[in-house]
Amino acid sequence: MKNKKIAVFFPGIGYHNDKPLLYYARKLAAEAGYEDCKNINYTSKPKKIRGDKEKMKESFETLYREADEALRGIRFDDYDDILFISKSIGTAIAVSYCEKNAVKNVRHILYTPLEETFNVIKEPEKLNAIAFIGSADPWSDPLKVVDMAEGYGIPIHLYEGANHSLETDDTLNNIRILEDVMEKSKSRINS
């Protein structure tokens, strides 16, 4: 019987599914045989939430409800291989969704996770993930995120001088970073 695969993409608030990290990750998933792909698209557009824990919590709850609605009807038990690829606040939504809905055997790729991502983890021993963050990410304390990820046994890759989009002021360096991130993502997708 054929291995049935699904990949779900959880964007950030201002980082939609056609931006480089999610765009190329989706292409890698397609190359790896993920025929079923689901892009979460949020209709809510929260603003001015950076640094405001209350607004971040409200935004998370609103966007989580939208993701939950978008995934309603998908029977994850029907899949042999489940991949969740997420960015920013989408990382917290993806992890929380798995835990709240008891979705098992998911492999996660977490692009620029927030501290909130690690705060929603209830069963770290069950979280099969890899993460990526920039040292100049203004949306979180990158070193704290690295410590939190490592505390949960999640391999995390830190890119010096990179921002929340894993980009720097040097275009060629950005291409090298993107290539490295995609190589590591491909390895996780194909594992």
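Note that this note's numbering has the sequence shown beginning at 11, numbered continuously upward.
For each residue, glycine too, the CB sits at the ideal point set by N, CA and C.
Fair warning: this is a prediction, and the values are worked out from it, not measured in the lab.
Separation of the CB atoms of T122 and H174 is rounded to 5 Å, and the pair is thereby assigned contact status at 8 Å. A contact between stretches requires three or more CB pairs, one per stretch, nearer than 8 Å, and the region 182-190 fails this requirement with the region 113-130.
The three-state reading of DSSP puts G161 in helix, counting H, G and I together. The count of Cβ pairs closer than 8 Å, one atom from the region 64-72 and one from the region 32-40, stays below three, leaving the stretches out of contact. Burial state of G61 is exposed, judged by a 10 Å Cβ sphere holding fewer than 16 other Cβ atoms. Excluding five sequence positions before and after S197, none of the CB atoms of its chain fall closer than 8 Å to its own CB. Excluding five sequence positions before and after P148, the CB atoms of its chain that fall closer than 8 Å to its own CB belong to R60, N173, H174, given in chain order. Judged by DSSP in its simplified three-state form, R82 adopts coil rather than helix or strand. Counting along the chain, the unbroken beta strand (DSSP E) around L168 starts and ends at 166-169. For the 8 Å CB-CB criterion, L81 and A102 do not form a contact.
In the three-state reduction of the DSSP assignment, V18 falls in the strand class.
For the pair P165 and A159, the Cα-to-Cα distance works out to about 7 Å. Note that the region 13-28 touches the region 81-100; at least 3 beta-carbon pairs, one per stretch, sit closer than 8 Å. Taken in chain order, the unbroken stretches of beta strand (DSSP E) that lie wholly in the region 108-140 and span 3 residues or more are 116-121. In this structure, S150 keeps its C-beta atom at 8 Å or more from the C-beta atom of G171. Bridge partners of N49 according to DSSP: F19. Exclusion of the five residues before and after Y52 leaves L73, E76 as the residues of its chain whose Cβ lies within less than 6 Å of its Cβ. The criterion of a C-beta distance shorter than 8 Å is satisfied by F142 and L176. Between P134 and the set C108, E193, K55, the nearest pair of CA atoms involves C108.
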